[in-house]
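Using our numbering, the letters of the sequence shown correspond one by one to residues 1 to 528.
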Amino acid sequence: MVKKVLIVIPPLINSDEGNGFSPKTPVFERYRLVSPVEPTAVAANLINRGFEVKLFDLGLYTGDRFDRLTESLATSKPDALVMVQSVLTFSTAQDWDGKRVFDLARTHCRDIVTVLTGSHATNFPGKAVSEGVCDFSIKGEVDFAVGELLSAVNVQGDLSSLPGLAYRLESGELSVSQDYPKVNLADLPLPAYHLLKDEDRVRYAKVLEFGKIRFPEKSCYYRDIMTSRGCIMRCSFCCVTHMRGNTQKYRRKSLEMVVAEIEAALEDGIEEIHFFDDLFARDEKEILELTNEIVRRNLRFHWFVAQGMPLWPLTRNSLEAMKETGMYRIICPLESGNNRVLKEVAGKALSSVEHHHDVLLWAHSLGLEIIGLFVVGMPGEERYEILDTIKFAEEHPEIDYSVFSIATPMIGTRLIKQVTQRGWLHDTDKINRIIKRTVSLYHTEAFKEYELGVIRAFDWDRINFSTPERQAKYARMVGITFEQLQVQREYAKSTFYRYFPDYDGPLSFKDLYDQPHLFQECTPKIPG
Numbered sequence: 001m002v003k004k005v006l007i008v009i010p011p012l013i014n015s016d017e018g019n020g021f022s023p024k025t026p027v028f029e030r031y032r033l034v035s036p037v038e039p040t041a042v043a044a045n046l047i048n049r050g051f052e053v054k055l056f057d058l059g060l061y062t063g064d065r066f067d068r069l070t071e072s073l074a075t076s077k078p079d080a081l082v083m084v085q086s087v088l089t090f091s092t093a094q095d096w097d098g099k100r101v102f103d104l105a106r107t108h109c110r111d112i113v114t115v116l117t118g119s120h121a122t123n124f125p126g127k128a129v130s131e132g133v134c135d136f137s138i139k140g141e142v143d144f145a146v147g148e149l150l151s152a153v154n155v156q157g158d159l160s161s162l163p164g165l166a167y168r169l170e171s172g173e174l175s176v177s178q179d180y181p182k183v184n185l186a187d188l189p190l191p192a193y194h195l196l197k198d199e200d201r202v203r204y205a206k207v208l209e210f211g212k213i214r215f216p217e218k219s220c221y222y223r224d225i226m227t228s229r230g231c232i233m234r235c236s237f238c239c240v241t242h243m244r245g246n247t248q249k250y251r252r253k254s255l256e257m258v259v260a261e262i263e264a265a266l267e268d269g270i271e272e273i274h275f276f277d278d279l280f281a282r283d284e285k286e287i288l289e290l291t292n293e294i295v296r297r298n299l300r301f302h303w304f305v306a307q308g309m310p311l312w313p314l315t316r317n318s319l320e321a322m323k324e325t326g327m328y329r330i331i332c333p334l335e336s337g338n339n340r341v342l343k344e345v346a347g348k349a350l351s352s353v354e355h356h357h358d359v360l361l362w363a364h365s366l367g368l369e370i371i372g373l374f375v376v377g378m379p380g381e382e383r384y385e386i387l388d389t390i391k392f393a394e395e396h397p398e399i400d401y402s403v404f405s406i407a408t409p410m411i412g413t414r415l416i417k418q419v420t421q422r423g424w425l426h427d428t429d430k431i432n433r434i435i436k437r438t439v440s441l442y443h444t445e446a447f448k449e450y451e452l453g454v455i456r457a458f459d460w461d462r463i464n465f466s467t468p469e470r471q472a473k474y475a476r477m478v479g480i481t482f483e484q485l486q487v488q489r490e491y492a493k494s495t496f497y498r499y500f501p502d503y504d505g506p507l508s509f510k511d512l513y514d515q516p517h518l519f520q521e522c523t524p525k526i527p528g
């Protein structure tokens, strides 16, 4: 009988097993932490069903995380252990099967029921069950699915009707549901943040993403909140639709639900909120409805949209409204400096370079911190179009910091279908052996892998840190010292040479532009 449930939140970067890290990796590069947005939703539903629930976030620890987990298992003696990702669609999360976690659980808790959810369960349905890693796996959104499973286990009910579930039949055969669980956001209870122990609250305030664009600059007492799920766009490099299920459309929580979460967070001592939506708003109306309600209720907190603010709904009026309610940073998914790439290659039909230009000018005039997100290396992107992106970043000094991500063909994306169909990617396991968006895993006639690496390491450095003033502002925005920034800059360059140890060519894409593929055989060395 399952009564006590331990929800284990996997780390976004499992540094204990390497995954791109080396002994020289700076400490502030090792942490990737997001509030337990979806685990607290699962926990709340389990509590409503009568289960006793505890949370354990592996991301709060590095070297001693499994010792800490062992202590938690020994203390709580759970009947079931469930792994639930902080946010299902956070794209840097690993496809981690949690074998070490489940092995520990079975060692310390006899007959424990083990359940895997998240990226691995969704990308490889049933694989972990077939390999004996866990008893059950559930793909997609599991807010209610975990409770439905454990309740069925307790009454020895029929499991065949549970969507998203993979398990072994009595015959030993593997049963894998082809359906995804469906979640009506209106049915979600208030997230169960009350389960966090005082020591966990302290650690969440101390273990911050230093040196990252989501760093809570205004207050270490912050929380991530989702106001919606899904997206109306179908960007070529995005796996949101795959992770949440193709049949689930874009859904928004009611304004009352969102404000209730905000108020609960503020009552809990939270001073800064990061909205962690797949898509924060479809249009200006939805933005203004939220800002007007924040004003009406006189709620005061610092905030920004952590996964990137959709740009097409923005006007100067909406930006002013957001700033007046506490937004201080705008993370702009600019993606490309070329309209054809935006619309035809990336799939952002509602975006344009001209509007992006206007948004940057409006945001700068309002004194907002501006972070620009760019993606290079998509199939169909021409060489001169990549150069357009570099020029756009250079010609907009309003951008305080530009991120150049290399298109990574993650499972479930249109991108991975394109590169595998063309024979450019033969080993999909490579995706999990790199820090995603760090190195290209394929090349086209327009670019080579090392050229994209030059952009990410060296053009990135040149564009972002050209003056002491820009260096100082960036360091302040992401919570690091000037000295740590220099370490970060050198680390970016050393990462490039880790993948391309033999490269000795130009350190700017502009210089490479007229000398295409100078180093034809220079391919990345991916860690084994």
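Idealized CB from N, CA, C, for every residue including glycine. Everything numeric in this text was worked out from a predicted model, so none of it was measured.
Test item: CB-CB of residue 245 and residue 326 under 7 Å: Here residue 245 refers to the residue found at position 245 of the sequence shown. Here residue 326 refers to the residue found at position 326 of the sequence shown. Going by C-beta atoms, residue 245 is not nearer than 7 Å to residue 326.
Assigned exposure category for residue 527 - 16 Cβ within 10 Å defines buried: Within the sequence shown, residue 527 is the residue found at index 527, counting from 1. Result: exposed.
Residue environment, residue 474, which counts as buried when at least 16 other CB atoms sit within 10 Å: Counting from one through the sequence shown, the residue named residue 474 turns up at place 474. Counting Cβ neighbours within 10 Å, residue 474 comes out buried, since at least 16 surround it.
Check whether residue 396 and residue 360 have beta carbons under 7 Å apart: The count along the sequence shown starts at 1 and reaches residue 396 at position 396. The count along the sequence shown starts at 1 and reaches residue 360 at position 360. In this structure, residue 360 lies closer than 7 Å to residue 396 by Cβ.
Per-residue DSSP class, three states only, for residue 68: Taking the first residue of the sequence shown as 1, we reach residue 68 at position 68. Reduced to three states, the DSSP call for residue 68 is helix.
Reference residue 76, options 105, 87 and 61, closest by Cα: Numbered from 1 along the sequence shown, position 76 holds the residue referred to as residue 76. The closest CA to that of residue 76, considering only 105, 87 and 61, is found on 105.
Residue 113 - DSSP class collapsed to helix/strand/coil: On the sequence shown, position 113 is the one that residue 113 refers to. Residue 113: strand per DSSP, three-state reduction.
Residue 517 versus residue 275: straight-line alpha-carbon distance, rounded: Numbered from its first residue, the sequence shown carries residue 517 at position 517. Numbered from its first residue, the sequence shown carries residue 275 at position 275. Cα to Cα, the separation comes out at about 41 Å.
Counted within 10 angstroms of its Cβ, other Cβ atoms place residue 155 as buried (16 or more) or exposed: Along the sequence shown, read from residue 1 onward, the residue named residue 155 stands at position 155. Classification for residue 155: exposed.
Distance CB(residue 218)-CB(residue 302) smaller than 7 Å: Sequence index remark: in the sequence shown, residue 218 carries index 218 (1-based). Sequence index remark: in the sequence shown, residue 302 carries index 302 (1-based). Yes, they are a contact pair.
Per DSSP, the bridge partner or partners of residue 215: Start at 1 with the first residue of the sequence shown, and residue 215 comes out as number 215. For residue 215, which the question treats as bridged, DSSP gives no partner whatsoever.
Span of the alpha helix (DSSP H) around residue 57: Residue numbering aside, residue 57 sits at position 57 when the sequence shown is read from its first letter. Here residue 57 belongs to no alpha helix (DSSP H); instead the beta strand (DSSP E) covers 52-57.
Stretch pair the stretch 165-174 + the stretch 236-243: three plus CB contacts closer than 8 Å: The stretch 165-174, when compared against the stretch 236-243, does not touch it at the 8 Å Cβ threshold.
Short Cβ contact (7 Å threshold) for residue 308 with residue 373: On the sequence shown, residue 308 is found 308 positions in, with the first residue counted as 1. On the sequence shown, residue 373 is found 373 positions in, with the first residue counted as 1. Going by beta carbons, residue 308 and residue 373 fall inside the 7 Å limit.
For residue 39, three-class secondary structure by DSSP: Here residue 39 refers to the residue found at position 39 when the sequence shown is read from its first residue. It is helical.
Secondary structure of residue 176, DSSP reduced to three states: Residue mapping note: residue 176 aligns to position 176 of the sequence shown, counting from 1. Residue state, collapsed to three classes: strand.
Check whether residue 283 and residue 313 have beta carbons under 7 Å apart: Sequence index remark: in the sequence shown, residue 283 carries index 283 (1-based). Sequence index remark: in the sequence shown, residue 313 carries index 313 (1-based). Cβ atoms of residue 283 and residue 313: closer than 7 Å.
Selected residue, minimal CA-CA separation from residue 387, among 429, 338, 421 and 166: Within the sequence shown, the letter at position 387 stands for residue 387. It is 338.
Residue burial classification, residue 497 (beta-carbon count within 10 angstroms, cutoff 16): Taking the sequence shown and counting its residues from 1, the one referred to as residue 497 is at position 497. Residue 497 comes out exposed.
Residue 265, buried or exposed, once every other Cβ within 10 Å from all chains shown has been counted against 16: Residue mapping note: residue 265 aligns to position 265 of the sequence shown, counting from 1. Looking at its Cβ environment, which holds 16 or more other Cβ atoms inside 10 Å, residue 265 is buried.
Limits of the alpha helix (DSSP H) - the one that residue 108 falls within: By one-based count along the sequence shown, residue 108 stands at place 108. Element bounds for residue 108: 99-108.
Coil, strand or helix - residue 21 by DSSP: Here residue 21 is taken as the residue at index 21 of the sequence shown, counted from 1. Confidence in residue 21 is poor, its pLDDT being 48 and thus under 50, which makes the residue's placement too unreliable to answer from.
Reference residue 317; option with closest CA among 280, 362, 70 and 177: For this step, residue 317 is matched to residue 317 along the sequence shown. Answer by Cα proximity: 362.
Straight-line Cα distance separating residue 136 from residue 182: To locate residue 182, count along the sequence shown from 1; it is residue 182. To locate residue 136, count along the sequence shown from 1; it is residue 136. About 18 Å.
Ordered list of alpha helix (DSSP H) runs contained in the stretch 467-521, each at least 4 residues: Entirely contained in the stretch 467-521, the alpha helix (DSSP H) runs reaching 4 residues are, in chain order, 468-477, 482-499 and 509-513.
N- and C-terminal bounds of the beta strand (DSSP E) containing residue 460: Translated into positions along the sequence shown, residue 460 becomes position 460. Segment 460-464 is the alpha helix (DSSP H) holding residue 460; no beta strand (DSSP E) there.
Whole runs of the beta strand (DSSP E) within the stretch 124-197, excluding any shorter than 3 residues: Taken in chain order, the whole beta strand (DSSP E) runs of length 3 or more contained in the stretch 124-197 are 136-138, 165-168 and 174-176.
For residue 311, the three-state DSSP class (helix, strand or coil): The count along the sequence shown starts at 1 and reaches residue 311 at position 311. In the structure shown, residue 311 sits in coil (DSSP, three-state: anything other than H, G, I, E or B).
Spatially closest choice to residue 126 from 143, 165 and 100, by CA coordinates: Locating residue 126 in the sequence shown gives position 126, where the first residue counts as 1. Looking at 143, 165 and 100, the one whose alpha-carbon comes closest to that of residue 126 is 165.
Test: residue 280 CB closer than 7 Å to a CB of chain B: This model lacks chain B altogether, as it is built from one protein chain only.
Integer Cβ distance of residue 45 from residue 189, believed to fall under 8 Å: Here residue 45 corresponds to residue number 45 of the sequence shown, with the count starting at 1. Here residue 189 corresponds to residue number 189 of the sequence shown, with the count starting at 1. The C-beta distance from residue 45 to residue 189 rounds to 6 Å, short enough to meet the 8 Å contact threshold.
Whole-angstrom C-beta distance between residue 459 and residue 508, which should lie under 8 Å: The residue labelled residue 508 in the question sits at position 508 within the sequence shown. The residue labelled residue 459 in the question sits at position 459 within the sequence shown. Contact flag correct, Cβ pair sits at about 6 Å.
Beta carbon of residue 440 nearer than 7 Å to that of residue 452: For the purposes of this step, residue 440 is taken as residue 440 along the sequence shown, with counting starting at 1. For the purposes of this step, residue 452 is taken as residue 452 along the sequence shown, with counting starting at 1. Yes, the pair counts as a contact, with Cβ atoms nearer than the cut-off.
Integer Cβ distance of residue 522 from residue 450, believed to fall under 8 Å: The sequence position of residue 522 within the sequence shown is 522, counting from 1. The sequence position of residue 450 within the sequence shown is 450, counting from 1. Between residue 450 and residue 522 the Cβ distance is about 5 Å, and since that is below 8 Å, they are a contact.
Cutoff 8 Å; reference residue 98; Cβ partners in own chain excluding five residues on either side: Here residue 98 is taken as the residue at index 98 of the sequence shown, counted from 1. For residue 98, where only same-chain residues beyond five positions count, the Cβ hits under 8 Å are 8, 10, 83, 116, 120, 128, 133 and 134.
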